[in-house]
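Residue numbers (the numbering used here), protein chains in the order written: chain A, 1 to 365; chain B, 1001 to 1400.
See the structure below:
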């Protein structure tokens, strides 16, 4: 366990599956050198196969006794999907095959292959929602526990889980050990790589790229022990944000506001079945555990309160009037850590989102 | 036995032939240059090959489900090992059968390469037996030279080169400039996966990157098997060889998802440098045979409840409770087994990340030292210990 924990909350009620986060992450970190197939951030349709395919059934994590469970390492072609490209150059250059536009490999699988399919029968009771996923920067990481070389560490100052690329020898037990399959093998450098929670941005007072680019404003970022942070309020004060599959025993630090409302079902004549909901609560229980009931109850109560009185701190938070309302990073904190550890304390490049307890009024700009 | 060996040693060169029967390797002295010697060098015709048995590593079970299934019924395999030396350099050739050639570097997430490694005991002032076979132990360091079978792989991190890490489609280059860029990337491609490490126990292995290890390794595949060579100085910052060089050998089979602990390894093997005085202590330790009665040892093992934590068979305690003993007879010396019974904390196999099985740690850390959670069995009488050691020496897989 680290001294402090930086956490993210994602409001699933607001995710529109636009993949802007995915692209923000990919262009920043994973579009080159063996990372082409990796999505440190992905948005999958739930229910669905997910990315990598059927990740929830691939093992890893811990049992009730706290013992690391064996897992399976996904196959690049069959489970992740080969990133394919098109013959742009031959088309542009007027080469032999220029009259046909085709991918360089025949795609058989890829992320979001089953996008928007969901479950149920249209139009009676079909349903789905989007599930954006990044590394959970777990308090008890399965990847870290599986590494036989101590090449994975959790930063003391903010709990970000990182791979020590110097120690990593590409054994891939971490991939088997992570129940979320959010750590990937880079075949070009023969090392494992994963979401770094954009720590170079975080340290400069900027939220992770996926969060800052989110057009739906679904992502909150802040320290869990900072009572003024949005994530503290959503996770601890109102207890509406819950970890994904916490039954895996890794204590994930990305929290989700569960989908609260879903439309009613239709009967055979196409009429609304009053009081019915399309999204089975069992599906949410599977993802978020029994706490999902309390979370939804609180959200509904606050919505009602807001309707009646016009006031609700929780809904104001979730509406996120200003994007900067969603992030509370800690400017001088990282500089203090840098100083204590004799690292180079660089000034943050952007001060819009920093208002943590270590951030002095006026800053140093 | 020790006495017998010591007296044999006084016979000098003659004894190395006698010891060969015990699995020792005779390093033939040559005057040729041996640095970077290939497996195909004609010099190997002068060498004397000895059969060394490599046992499946089962002390620690890793958490890869498919790999564990693929290796569940692993047997031991024999390798042919020979050594050459000149005044400065020792070269070792290892030949082993492998029906499939698995090469590193495919754009793949779940394939693995064949490989081999040689482990040398590091120079130490600490007295006591040879380092623990699993990458050494506290105060008893080892040096490991690893070679994996490779194809051409571009490894920018190895070159500390970031300017060529950009996807070609994202450069602002076109035409000839882009072709030049591609050529530059290709020219930086590394074709070798050779590493040297120092370690004081499983998980402590650290790569030597400062050039202080002047070793060279290579491997060649032909007719259903690999031939691998390592050449290294007899003396350097890590190893201070005498007339006998203790070496351990490991091979990985990529088709069985072998990497890290999923391998076959030998116990320590003595490489005696012909014409030099063998090191009696090392030769004696490696050649020592168990003196006890294995049948009685089996009973003593049961009476002392060893299988409550250790796997003697796969049906015993879960593998993470303590190191599995299923092949301990294959890759351990008698001295190590005896020491582990009498002084469990002398060598603590670090085993799993302590976080992986937090309720059953193999050791606690007291004053920065690993203290084994195993009961101290130093109260056992000498004969019982010998019997247990004799039984443990029988625990090993058959040769395939």
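Note that CB positions come from ideal geometry on N, CA and C, so glycine has one too. Computed from a prediction, not measured in an experiment: that's the story for all the values here.
- Cβ of residue 403 (chain A) less than 7 Å from any chain B Cβ? No information on residue 403 (chain A) is available, as it lies outside the stretch 1 to 365 that chain A covers here.
- Task: Work out the CA separation of residue 1088 (chain B) and residue 1235 (chain B) for me, nearest whole Å.
- Result: Roughly 7 Å between the two C-alpha positions.
- Task: Please work out which residues of its chain come closer than 7 Å, Cβ to Cβ, to residue 203 (chain A), disregarding the five sequence neighbours upstream and downstream, and give them in chain order.
- Result: 334
- Query: What distance in whole Å lies between the Cβ atoms of residue 180 (chain A) and residue 192 (chain A), which are believed to be in contact at a cut-off of 8 Å?
  - Reply: A Cβ-Cβ separation of about 14 Å leaves residue 192 (chain A) out of contact with residue 180 (chain A) under the 8 Å criterion.
- Message: Taking DSSP's pairing of strands, which residues face residue 42 (chain A) in a bridge?
- Response: A:133
- Item | Simplified DSSP state of residue 284 (chain A), which is helix, strand or coil | helix
- Item | Cβ contact check for the stretch 35 to 50 of chain A and the stretch 68 to 84 of chain A: 3 or more pairs under 8 Å | yes
- Query: What is the rounded straight-line gap between the Cα of residue 1074 (chain B) and the Cα of residue 1263 (chain B)?
  - Reply: 10 Å
- Message: Here's the rule I'm using: 16 or more other beta-carbon atoms within 10 Å means buried, otherwise exposed. How should residue 281 (chain A) be labelled?
- Response: exposed
- Assign residue 343 (chain A) to buried or exposed, taking buried as 16 or more other Cβ atoms, counted over all protein chains shown, within 10 Å of its Cβ. With a threshold of 16 other beta carbon atoms within 10 Å, residue 343 (chain A) falls short and is exposed.
- Which residues of chain A have a Cβ atom closer than 9 Å to the Cβ of residue 1107 (chain B), listed in chain order? 34, 36, 37, 76, 82, 187 and 188
- Message: Could you check whether the Cβ of residue 145 (chain A) sits closer than 7 Å to any Cβ belonging to chain B?
- Response: yes
- Message: I'd like to know whether the C-beta of residue 1213 (chain B) is nearer than 7 Å to at least one C-beta of chain A.
- Response: no
- Please specify which runs of the alpha helix (DSSP H), each continuous and at least 4 residues long, are wholly inside the stretch 1258 to 1321 of chain B, giving them in chain order. The DSSP assignment places complete alpha helix (DSSP H) segments of no fewer than 4 residues inside the stretch 1258 to 1321 of chain B at 1280 to 1287 and 1294 to 1303, in order along the chain.
- Query: Near residue 296 (chain A), which residues of its chain fall below 7 Å by C-beta distance, leaving aside the five closest residues on each side in sequence?
  - Reply: 258 and 260
- Residue range of the unbroken alpha helix (DSSP H) whose run includes residue 1147 (chain B): Per DSSP, residue 1147 (chain B) belongs to no alpha helix (DSSP H); it is in the beta strand (DSSP E), 1142 to 1148.
- Given 8 Å as the limit, is there contact between the stretch 215 to 224 of chain A and the stretch 265 to 275 of chain A, that is, 3 or more CB pairs closer than that? no
- Message: If you measure between the beta carbons of residue 288 (chain A) and residue 319 (chain A), is that distance less than 7 Å?
- Response: no
- Query: Once you ignore the five residues that flank residue 1148 (chain B) on each side, which residues in its own chain have a CB closer than 7 Å to its CB?
  - Reply: 1104, 1113, 1115 and 1193
- Message: Applying the 10 Å Cβ sphere with the 16-neighbour rule, what's the burial state of residue 102 (chain A)?
- Response: exposed
- Message: Would you say residue 1397 (chain B) lies against chain A (beta-carbon separation less than 7 Å)?
- Response: The Cβ of residue 1397 (chain B) sits no closer than 7 Å to any Cβ of chain A.
- Message: For residue 25 (chain A) and residue 210 (chain A), which I take to be in contact (beta-carbon distance under 8 Å), what is that distance rounded to the nearest angstrom?
- Response: Right, their Cβ atoms sit about 5 Å apart.
- Item | Three or more C-beta pairs below 8 Å linking the stretch 14 to 21 of chain A and the stretch 161 to 179 of chain A | no
- Query: Quick one: which chain B residues come within Cβ less than 7 Å of residue 171 (chain A)?
  - Reply: 1259 and 1260
- Query: Along chain A, in chain order, which residues have C-beta atoms closer than 7 Å to that of residue 1205 (chain B)?
  - Reply: 149
- Excluding the five sequence neighbours on either side, which residues of its own chain have a C-beta within less than 7 Å of the C-beta of residue 1022 (chain B), listed in chain order? With a pLDDT of only 49 at residue 1022 (chain B), under 50, the local geometry of the prediction cannot be trusted, and the value read off the model is given with reservation. Here the set comprises 1287.
- Message: What would DSSP say about residue 15 (chain A), mapped onto helix, strand or coil?
- Response: DSSP places residue 15 (chain A) in coil when its eight states are reduced to three.
- Message: Taking the alpha-carbon of residue 44 (chain A) as reference, which of A:78, A:108, A:77 and A:131 has the nearest alpha-carbon?
- Response: A:131
- Task: Determine the closest residue to residue 11 (chain A) out of A:332, A:234, A:311 and A:176, with distance taken between C-alpha atoms.
- Result: A:234
- Decide if residue 1 (chain A) is buried, meaning its Cβ has at least 16 other Cβ atoms within 10 Å, or exposed. exposed
- Task: Pick helix, strand or coil for residue 1206 (chain B), following the three-state DSSP scheme.
- Result: strand
- Item | Through-space distance from residue 1372 (chain B) to residue 1276 (chain B), alpha-carbon basis | 40 Å
- Task: In angstroms with no decimal places, state the Cα-to-Cα distance between residue 331 (chain A) and residue 255 (chain A).
- Result: 23 Å
- Task: Report whether the distance from the Cβ of residue 289 (chain A) to the nearest heavy atom of the ligand ZN is below 6 Å.
- Result: No copy of the ligand ZN appears in this structure; indeed no ligand is present at all.
- Message: Can you pull the chain A neighbours of residue 1310 (chain B), defined as C-beta to C-beta under 7 Å?
- Response: Result: empty, since nearest Cβ-Cβ is about 17 Å, beyond 7 Å.
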